[in-house]
Amino acid sequence: MVQRPRGTRDFTPKVMARRLAFEQLLEERARRHGFSRIQTPIFESLDLFTAKSGPGIISQLYAFEDKSERPLTLRPELTAPVMRMIAEEGMQMLQKPLRLSYYGQCYRYEESKKGRYREFFQYGVELIGESGPLAEAEVIALAIDMLDACGLENWEVRIGHVGILKDALTGLGLSAEIPEGANEPPVASAMRFLDKGDDAGLAKLFTDNGINPDNTAPLRALADLEGGVETLGPARDILTSLEGVSLEALDDLQTTLEAVAALAPTPPSLAVDLTVARGLDYYTGMVFEVKVPELGGEGQVLGGGSYKLLHLFGLPDLDPSCGFGLGFDRVLLALEAQAEASGRSEVVPGETDPKGLVAFIPFGIDVSGVLPIVASLRNAGERIELELRGRKIAKAMKWANSIGCQFTVVIGPRDLENGQAMVKSLVSGEQQAVELNADAIAAAIQAMR
RNA sequence: GCUGUGAUGGUGUAGGGGUUAGCACGGCAGAUUGUGGUUCUGCCAGCCCGAGUUCGAUUCUCGGUCACGGCCCCA
Numbered sequence: 360m361v362q363r364p365r366g367t368r369d370f371t372p373k374v375m376a377r378r379l380a381f382e383q384l385l386e387e388r389a390r391r392h393g394f395s396r397i398q399t400p401i402f403e404s405l406d407l408f409t410a411k412s413g414p415g416i417i418s419q420l421y422a423f424e425d426k427s428e429r430p431l432t433l434r435p436e437l438t439a440p441v442m443r444m445i446a447e448e449g450m451q452m453l454q455k456p457l458r459l460s461y462y463g464q465c466y467r468y469e470e471s472k473k474g475r476y477r478e479f480f481q482y483g484v485e486l487i488g489e490s491g492p493l494a495e496a497e498v499i500a501l502a503i504d505m506l507d508a509c510g511l512e513n514w515e516v517r518i519g520h521v522g523i524l525k526d527a528l529t530g531l532g533l534s535a536e537i538p539e540g541a542n543e544p545p546v547a548s549a550m551r552f553l554d555k556g557d558d559a560g561l562a563k564l565f566t567d568n569g570i571n572p573d574n575t576a577p578l579r580a581l582a583d584l585e586g587g588v589e590t591l592g593p594a595r596d597i598l599t600s601l602e603g604v605s606l607e608a609l610d611d612l613q614t615t616l617e618a619v620a621a622l623a624p625t626p627p628s629l630a631v632d633l634t635v636a637r638g639l640d641y642y643t644g645m646v647f648e649v650k651v652p653e654l655g656g657e658g659q660v661l662g663g664g665s666y667k668l669l670h671l672f673g674l675p676d677l678d679p680s681c682g683f684g685l686g687f688d689r690v691l692l693a694l695e696a697q698a699e700a701s702g703r704s705e706v707v708p709g710e711t712d713p714k715g716l717v718a719f720i721p722f723g724i725d726v727s728g729v730l731p732i733v734a735s736l737r738n739a740g741e742r743i744e745l746e747l748r749g750r751k752i753a754k755a756m757k758w759a760n761s762i763g764c765q766f767t768v769v770i771g772p773r774d775l776e777n778g779q780a781m782v783k784s785l786v787s788g789e790q791q792a793v794e795l796n797a798d799a800i801a802a803a804i805q806a807m808r
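Laid out in C-alpha cells, this is it:
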C-alpha cells in the first residue's frame, strides 16, 4: 500500500464540504470588504522567495529543477507571488488601492505536527497602493470580521506597531543602518533584546553606541505594556519622557484602533502589544496576529501587517502595503475542537446544505422513461441522487436514509400505471402521491420542507 | 535543528513468542417481492514495511515509514 506523502492530507467528502463552506465564507467576507480573488501558480522561480526571505529559506522549500534545469520551488507562502503578479501583470496601471484576496496550498518542508503540515492552505488578502492608519484598520477589520463570521470563539487579537519601538530607538540616537562588519542594524539588535527580555544586552548596546543605558528601563516598560486600547496612555507617557522621540507611530496606531472599533465586530479579546514584531524585517508599521490558546504551540491562526516588499519588484511607490495571511487549516482545527467541546454539530456555518438531498428511486421499472424528470428536477435546483443499483424498495429506503437524504421520490410499476410518483420526507415520514412530472414533484418537496 | 510517545480490519479498540487474533461501529446479503432509522442471522475485512533473535515473531531487538507531543522557528 502506497502511503500519502508525509505532512499531506486527503479530504473526504464530508471534510471537503466543510472546507468548501469555510472558503466560501471567507470569500464572501472579503467580497463585502471590496476584495477580489486572484490566483497564482503552485510553483514559482526559486529566486522569488530567496529575494523576499533570504537564502536561509531554501532548506524549508520543496525546491527542484525542471527538465531545462530552471530552479523552481513549490510556493511556501503567497505574499511574494502576489507581489510578483502585480509587477508582472502591469497591475500598477490599475486604480489604487488594489484589494486582493487569495487562497491556495503552500508547501514547507517541516516536521509534521497537529496544525502543521507540509502542504497547508492559506487564505490571505493584500491592500496595495495605500497605507496609513485607515488602510491598516480596513485590513484588521476584515480579519476580525472573518473570524467572527466563522463562529470562532476565545481568540485573541494582538495589535502592535513596529514603528513605535523603532522610532523610540532611533530617537535616542540608535542607527537603523547596518554598520560595516555587522549583519544587522543596531535598531534590529535592540528590538531582539527587547523581545527576548535581555535588558543587560540592551544596556550594553546603548553604551556601545554612546547612549545613556538608563534608557533601558523605560523601553522595557514600553515593551512590557499589555492590555486593551487603554495601554496607549501609559505608552504615550513613556515616549514623551524620552528625549527627541516622535509620537507619530503611536498616534497612527491609536487612529487605527479607533477605526477598527467602528468598522468591525468586537473581538473576544483585543490587546495592544508593542512587541508583536513578527520577527521579519519587511514589516514597517502596524503588525497584528491572532492566537487561539487551545491550539497550544501552533496557536497562531492569522498574522499580518504593513510591509515594504514591492520595491523588490521595481514598484517602490506602492510601498508600504498591508495584508494578512490566515492559516486555513488551523482555524478549522480550532473550530472543530470548539464544536466538539460544545456539542455543536455544524463546525462551519453553512457546511450542511439546508435544501437537502433527494433520493430518486425508480423501482422495478424501465428507468429511461423517468430520466427526463431527474434532469428537470436538477435544472430546477434540487440535488438529486439517482438510485443506480436497482435496489429493492426496503434497501433503497435504507440507502437513502443512510446517505443523508431528506426526501425520496419512488416510482414503481403501480405509480407508472396511475401516472404518479410517491414523494416522501425522511425527516417527518410524511408521504404523498403526486402527478408524475417534475413540477408536481418539486412542488411537493417544497411543501414538505 | 533537538527530543519524547505511538502504529492491530474502512473507523475505534482487546490481546499477546505457538490463538480459528476477540469486540463494537461500518459495508454487503437475508429475515422482509411497494417504504428508512429499531431488531435478529450470516458474510466481508486487520497485526505499517524491512532486517535480526528464535524451532517458531503480529508480539522481542534494530532500522525505515507514518502519526502525535515538548523545545526552536514559522502559518
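Residue numbers (our numbering): 360 to 808. For glycine and all other residues, C-beta sits at the position ideal for the given N, C-alpha and C.
Exercise. Leaving out the 5 sequence neighbours to the left and right, which residues in its chain are closer than 6 Å to residue 698 when beta-carbon positions are compared?
Worked result: Against the first sequence, residue 698 aligns to sequence position 339. Only 706 meet the Cβ criterion.
Exercise. Any idea what DSSP makes of residue 430, helix, strand or coil?
Worked result: Within the first sequence, the letter at position 71 stands for residue 430. Strand, per DSSP.
For this session: Grab the span of the beta strand (DSSP E) containing residue 680 for me, first residue to last.
Result: Along the first sequence, read from residue 1 onward, the residue named residue 680 stands at position 321. 680-686 is the extent of the beta strand (DSSP E) around residue 680.
Exercise. Residue range of the alpha helix (DSSP H) that residue 803 falls in?
Worked result: Counting from one through the first sequence, the residue named residue 803 turns up at place 444. 797-807 is the span of the alpha helix (DSSP H), which, as asked, contains residue 803.
Problem set entry | Beta-bridge pairing of residue 744 - partner residues as DSSP gives them | On the first sequence, position 385 is the one that residue 744 refers to. Bridge partners of residue 744: 718.
Problem set entry | Rounded separation between residue 441 and residue 631 - CA only | Within the first sequence, numbered from 1, the residue matching residue 441 stands at position 82. Within the first sequence, numbered from 1, the residue matching residue 631 stands at position 272. Approximately 29 Å between the Cα atoms of the pair.
Exercise. Counting along the chain, where does the beta strand (DSSP E) carrying residue 402 start and finish?
Worked result: One-based indexing of the first sequence puts residue 402 at position 43. It spans 402-404 - the beta strand (DSSP E) in which residue 402 sits, taken as one unbroken run.
Exercise. Can you pull the DSSP bridge partners for residue 520?
Worked result: For the purposes of this step, residue 520 is identified with residue 161 of the first sequence, where counting begins at 1. DSSP links residue 520 through a beta bridge to 645.
Problem set entry | Touch test, the region 480-497 against the region 615-625, Cβ-Cβ under 8 Å, three pairs minimum | Taking a contact to require three or more Cβ pairs closer than 8 Å, the region 480-497 and the region 615-625 qualify as touching.
Problem set entry | Endpoints, the alpha helix (DSSP H) within which residue 377 is located | By 1-based counting over the first sequence, the position of residue 377 is 18. Where residue 377 is concerned, the enclosing alpha helix (DSSP H) stretches over 372-391.
Problem set entry | As assigned by DSSP and simplified to three states, the class of residue 467 | In the first sequence, the residue the question calls residue 467 occupies position 108. Three-state result, residue 467: coil.
For this session: Let me know if residue 487 comes out buried or exposed under the rule of 16 or more other beta-carbons within 10 Å of its beta-carbon.
Result: Taking the first sequence and counting its residues from 1, the one referred to as residue 487 is at position 128. Buried is the call here.
Problem set entry | Coil, strand or helix - residue 337 by DSSP | This structure cannot speak to residue 337, because the chain is shown only from 360 to 808.
Exercise. So which of 734, 777, 750, 749 has the shortest CA-CA distance to residue 743?
Worked result: In the first sequence, the residue the question calls residue 743 occupies position 384. Taking the Cα of residue 743 as reference, the smallest distance to any Cα among 734, 777, 750, 749 is reached at 734.
Problem set entry | Cut-off 8 Å between Cβ atoms - residues of its own chain near residue 627, not counting five sequence neighbours on either side | Your numbering for residue 627 matches position 268 in the first sequence. 512, 513, 514, 515.
Exercise. Going by other Cβ atoms of all chains shown within 10 Å of its Cβ, with 16 needed for buried, is residue 635 buried or exposed?
Worked result: Taking the first sequence and counting its residues from 1, the one referred to as residue 635 is at position 276. With 16 or more other Cβ atoms within 10 Å, it is buried.
For this session: Identify, in the order they occur along the chain, each residue of the same chain with its Cβ nearer than 8 Å to the Cβ of residue 509, setting aside the five sequence neighbours on each side.
Result: Position 150 of the first sequence, counted from the start, is the residue given in the question as residue 509. For residue 509, where only same-chain residues beyond five positions count, the Cβ hits under 8 Å are 381, 384, 385, 690, 694, 707, 708.
For this session: Output the boundary residues of the alpha helix (DSSP H) element that contains residue 447.
Result: Within the first sequence, numbered from 1, the residue matching residue 447 stands at position 88. Note, residue 447: alpha helix (DSSP H), 438-447.
Exercise. Which of helix, strand or coil does DSSP assign to residue 474?
Worked result: Here residue 474 corresponds to residue number 115 of the first sequence, with the count starting at 1. Correct three-state label for residue 474: coil.
Problem set entry | Span separating the alpha-carbon of residue 422 from that of residue 524 | Against the first sequence, residue 422 aligns to sequence position 63. Against the first sequence, residue 524 aligns to sequence position 165. Each residue's Cα considered, the two are about 37 Å apart.
Exercise. Can you pull the DSSP bridge partners for residue 483?
Worked result: For the purposes of this step, residue 483 is taken as the residue at position 124 of the first sequence. DSSP, once it has assigned bridges, lists 461, 684 as partnering residue 483.
Exercise. Among 430, 657, 379, which has the Cα closest to the Cα of residue 471?
Worked result: To locate residue 471, count along the first sequence from 1; it is residue 112. Among 430, 657, 379, the Cα nearest to that of residue 471 belongs to 657.
Exercise. Measuring CB to CB, does residue 667 end up less than 7 Å from residue 676?
Worked result: Numbered from 1 along the first sequence, position 308 holds the residue referred to as residue 667. Numbered from 1 along the first sequence, position 317 holds the residue referred to as residue 676. No, Cβ-Cβ distance for residue 667 and residue 676 is not below 7 Å.
Exercise. If we ignore side chains and look at the alpha-carbon of each, how far apart do residue 507 and residue 553 end up?
Worked result: In the first sequence, the residue the question calls residue 507 occupies position 148. In the first sequence, the residue the question calls residue 553 occupies position 194. Going from the Cα of residue 507 to the Cα of residue 553 covers about 32 Å.
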